[in-house]
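Take a look at the structure below.
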Amino acid sequence: QKEVEQDPGPLSVPEGAIVSLNCTYSNSAFQYFMWYRQYSRKGPELLMYTYSSGNKEDGRFTAQVDKSSKYISLFIRDSQPSDSATYLCAMRLTGGGNKLTFGTGTQLKVEL
Amino acid sequence: DTGVSQDPRHKITKRGQNVTFRCDPISEHNRLYWYRQTLGQGPEFLTYFQNEAQLEKSRLLSDRFSAERPKGSFSTLEIQRTEQGDSAMYLCASSSDREGTEAFFGQGTRLTVV
Numbered sequence: 001q002k003e004v005e006q007d008p009g010p011l012s013v014p015e016g017a018i019v020s021l022n023c024t025y026s027n028s029a030f031q032y033f034m035w036y037r038q039y040s041r042k043g044p045e046l047l048m049y050t051y052s053s054g055n056k057e058d059g060r061f062t063a064q065v066d067k068s069s070k071y072i073s074l075f076i077r078d079s080q081p082s083d084s085a086t087y088l089c090a091m092r093l094t095g096g097g098n099k100l101t102f103g104t105g106t107q108l109k110v111e112l
Numbered sequence: 001d002t003g004v005s006q007d008p009r010h011k012i013t014k015r016g017q018n019v020t021f022r023c024d025p026i027s028e029h030n031r032l033y034w035y036r037q038t039l040g041q042g043p044e045f046l047t048y049f050q051n052e053a054q055l056e057k058s059r060l061l062s063d064r065f066s067a068e069r070p071k072g073s074f075s076t077l078e079i080q081r082t083e084q085g086d087s088a089m090y091l092c093a094s095s096s097d098r099e100g101t102e103a104f105f106g107q108g109t110r111l112t113v114v
C-alpha cells in the first residue's frame with residue numbers, strides 16, 4: 001500500500017462546476033500538506049500549502065485537512081478550462097529536510 | 001532570478017551511455033532536491049542537499065546515479081550506463097531551510113533511453 005493514495009481520474013467536469021479532489025494517507029506523522037498543479041510536460045507548480053488540520057482559502061481554491069481521518073481535499077470553485085491539468089497532493093513531516101511524498105495525481109479536464 | 005532552472009529540457013540517449021543534468025536553484029535557497037517522475041505517477045524523492053552536503057539519498061538512487069552540488073549553488077545529476085527503465089522526467093526543486101517554507105520545482109528534464 002502506498003503512503004499517499006489519490007484517484008488518478010481522469011475527471012471531466014463542465015466549466016463553472018465545483019471540483020473536489022482528494023487524497024488519503026497512512027502516515028499520521030505528516031504535518032504539512034500541499035497541492036501542486038502540473039500541466040502536461042511541465043514541472044509541478046505549488047497551489048496551496050497547509051500546516052496540520054484546518055481549512056485554507058485562496059481565491060477559487062480551498063484546501064482542507066482532516067488529520068483525524070488522514071484525508072485532505074482541494075476544492076476548485078467556478079472551474080475554468082485553464083484549470084485542466086494534473087493535481088498532485090503532497091505531504092511531509094516536520095523537519096526531515098522538506099522531503100515530499102506525493103500522490104499519483106488526478107487528471108482534471110474542464111470542458112466548455 | 002525567476003525560478004528553478006533545469007538543463008537540458010529533453011535528452012534522448014542510447015542505452016549504456018552516460019548522461020548529466022544540471023539544476024540551478026532559486027538563488028537564496030540553500031536546499032536542493034532531485035525527484036523522478038514516470039508517466040502517470042507522482043514525483044518520487046531521489047536525494048537532497050543542504051548547501052553542498054548531500055543529506056539524504058533514496059533507495060531509488062542506485063549506484064549508477066550520482067548527484068553533486070560542489071559549491072552549494074547549482075547541482076548535477078549523472079546517470080551512468082543508462083537503462084530503458086531510467087526513462088522519466090527528472091525534476092529539481094529548491095527551498096530555504098526555514099520551517100514552514102515549501103519547495104519550488106523546475107520544469108524538469110525529460111530523459112528517453114532508446
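Residue numbers (the numbering used here), protein chains in the order written: chain A, 1 to 112; chain B, 1 to 114.
Every residue gets a Cβ at the ideal spot worked out from N, C-alpha and C, and that includes glycine.
Being a predicted model, the structure only gives us computed values, none of them experimental.
Inter-residue spacing [alpha-carbon to alpha-carbon] between residue i and residue j
i        : j        : result
Gln37/B  : Lys56/A  : 28 Å
Asp78/A  : Ser20/A  : 12 Å
Arg59/B  : Leu46/B  : 8 Å
Asn51/B  : Tyr87/A  : 30 Å
Glu3/A   : Leu46/A  : 20 Å
Ala67/B  : Ala63/A  : 35 Å
Leu126/B : Leu112/A : Residue 126/B lies beyond the stretch modelled for chain B, which goes from 1 to 114, so this question has no answer here.
Thr13/B  : Thr20/B  : 11 Å
Gly9/A   : Thr106/A : 5 Å
Close Cβ partners of residue i (< 6 Å) along its chain, the five nearest in sequence each way excluded
i        : result
Tyr158/A : Residue 158/A lies beyond the stretch modelled for chain A, which goes from 1 to 112, so this question has no answer here.
Thr94/A  : Gln31
Asn27/A  : Glu3
Ile18/A  : Arg77
Contacts that residue i makes with chain B (C-beta to C-beta distance below 7 Å)
i       : result
Gly54/A : Chain B residues near Gly54/A: none, gap ~14 Å exceeds 7 Å.
Leu88/A : Gly42
Under 8 Å by beta carbon: chain A residues contacting residue i
i       : result
Leu55/B : Gly97
Beta-carbon neighbours of residue i, restricted to chain A and to distances below 7 Å
i       : result
Leu91/B : Gly43
Element boundaries [beta strand (DSSP E), containing residue i]
i        : result
Ala17/A  : Premise fails: Ala17/A is in no beta strand (DSSP E) and is neither H nor E.
Asn55/A  : 54 to 58
Ser5/B   : 5 to 7
Asp66/A  : 61 to 66
Glu111/A : 106 to 111
Leu39/B  : Premise fails: Leu39/B is in no beta strand (DSSP E) and is neither H nor E.
Leu91/B  : 88 to 95
Own chain partners of residue i with C-beta closer than 7 Å, once the 5 adjacent residues on each side are dropped
i       : result
Asp58/A : Met48
Lys67/A : Ser52, Ser53
Gly16/A : Asp78, Ser79
Tyr39/A : Ala85
Ala88/B : Arg36, Gln37, Thr38, Leu111
Ile26/B : Asp1, Gly3, Val4, Ser94, Phe104
Option in the options with minimal Cα separation from residue i
i        : options                              : result
Ser69/A  : Leu11/A, Ser40/A, Asn22/A, Glu15/A   : Asn22/A
Arg69/B  : His29/B, Arg15/B, Phe104/B           : His29/B
Cys92/B  : Arg98/B, Arg64/B, Gly85/B, Ser73/B   : Ser73/B
Trp34/B  : Cys23/B, Ser27/B, Gln41/B            : Cys23/B
Val113/B : Gly85/B, Gly100/B, Gln107/B          : Gly85/B
Leu11/A  : Thr101/A, Leu100/A, Gly97/A, Pro81/A : Pro81/A
Contact list for residue i against chain B, beta-carbon separation under 9 Å
i        : result
Gly9/A   : Here the premise fails: no neighbours, minimum Cβ distance about 11 Å.
Thr104/A : Gly40, Gln41, Gly42
Chain-ordered neighbours of residue i on chain B, where CB pairs are closer than 8 Å
i       : result
Tyr71/A : Near Tyr71/A there are no residues of chain B at all, since even the closest Cβ is about 17 Å away, more than 8 Å.
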